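A short write-up of the structure that comes next.
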Amino acid sequence: MSDDLVFYTNPMSRGRIVRWLLEEAGVRYETQVLDYSSTMKQSDYLAVNPMGKVPAIRHRGKVVTECAAICAYVADAFPEAGLAPPTDDRADYYRWLFFAAGPVEQAVTDRAMGFTPTAEQGRMAGYGSYDLTIDTLETAVAGKEYVVGDRFTAADVYVGAQVGWGLQFGTIPKRDSFQRYWAGLEAREAWKRASEKDDALMPKDASVA
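Letter 204 of the sequence shown, counting from 1, is numbered 328 in our numbering, and no numbers are missing.
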């Protein structure tokens, strides 16, 4: 593996998003698997990410954290992989990549934790309401194979992961548009390879699809 790109992860984390991205990019990378209660909180890794969370990457000495940022960075760092559209056609790419990372993540997390904002709190939080966020997300994928025209991009990795996990765990409703979109993505060979690699790292008493 190449020392140029180091991937810090745990198979029971959002690191699965980045693994899928790296497999789509077809780049060489070194994987460092961290444990939540030990190595993730030790000084060596805190020097990489002071939050003590995964995933993160280190590429040629530079650290990138946060899944959406990693998706955008890798797509730009390895243009030959074709994971980013041309710079003059990135409106939907940036819009939906960061919509999924912001409003969708927040709305889904709040709902899972039992917090339903009032109308006033929804304005403060920025996403309005769970229902509004999900309805808006649906406009990104309804009747479409990919979120950016007819091409697969890093935005599909992030949006697709949110949709796929949401369908699996019940945090996103099983609407036809979401199910059709995810069905196309989970058939991708890179997603299958990434899942196999992460599944092989899972504890024997745990399971993640």
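We put the beta carbon where it would ideally sit given N, CA and C, even for glycine.
Remember, it's a predicted structure, so these values are computed and weren't measured experimentally.
Item, Value
"Tell me the residue span of the alpha helix (DSSP H) that contains LYS268.", "Looking at the DSSP string, LYS268 is not in any alpha helix (DSSP H), and its letter there is neither H nor E."
"Considering only residues of the region 179-210, which uninterrupted beta strand (DSSP E) runs meet the minimum length of 3 residues and lie entirely inside it, listed in chain order?", "180-183, 186-189"
"Let me know the secondary structure DSSP gives GLN166 once reduced to three states.", "coil"
"Write down every uninterrupted run of the alpha helix (DSSP H) in the region 215-274 whose length is 4 residues or greater and which is fully enclosed by it, in chain order.", "215-223, 229-236, 243-249, 254-265"
"Count the other CB atoms, across all protein chains shown, that sit within 10 Å of the CB of SER126; report buried if there are 16 or more and exposed otherwise.", "Confidence at SER126 is low in this model, with a pLDDT of 48, below 50, so its placement is unreliable and the value that follows should be read with caution. So SER126 ends up on the exposed side."
"Under a Cβ-count criterion, where at least 16 other Cβ atoms within 10 Å of its own Cβ denotes burial, should TYR160 be classed as buried or exposed?", "exposed"
"Give me, in chain order, the residues of the same chain whose beta-carbon lies closer than 6 Å to that of PRO135; leave out the 5 immediate sequence neighbours on both sides.", "ASP322, LEU325, MET326"
"How many angstroms separate the CA atom of ARG140 from the CA atom of GLN156?", "13 Å"
"Are there three or more Cβ pairs, one per stretch, closer than 8 Å when the region 158-176 is compared with the region 199-212?", "no"
"Could you have a look at TYR345 and say whether DSSP puts it in helix, strand or coil?", "For residue 345 there is no data in the structure shown, the boundaries of the chain being 125 and 333."
"Do the CB positions of ALA224 and TYR254 come within less than 8 Å of each other?", "no"
"If you draw a straight line from the C-alpha of GLU262 to the C-alpha of VAL287, how long is it?", "10 Å"
"Note the first and the last residue of the continuous beta strand (DSSP E) segment covering VAL157.", "154-157"
"In whole angstroms, what is the alpha-carbon distance linking VAL142 and ALA243?", "34 Å"
"Which same chain residues, not among the five before or five after ASP280, have their C-beta less than 7 Å away from its C-beta?", "TYR270, VAL271, LEU309"
"Do TYR153 and VAL130 have their CB atoms nearer than 8 Å?", "yes"
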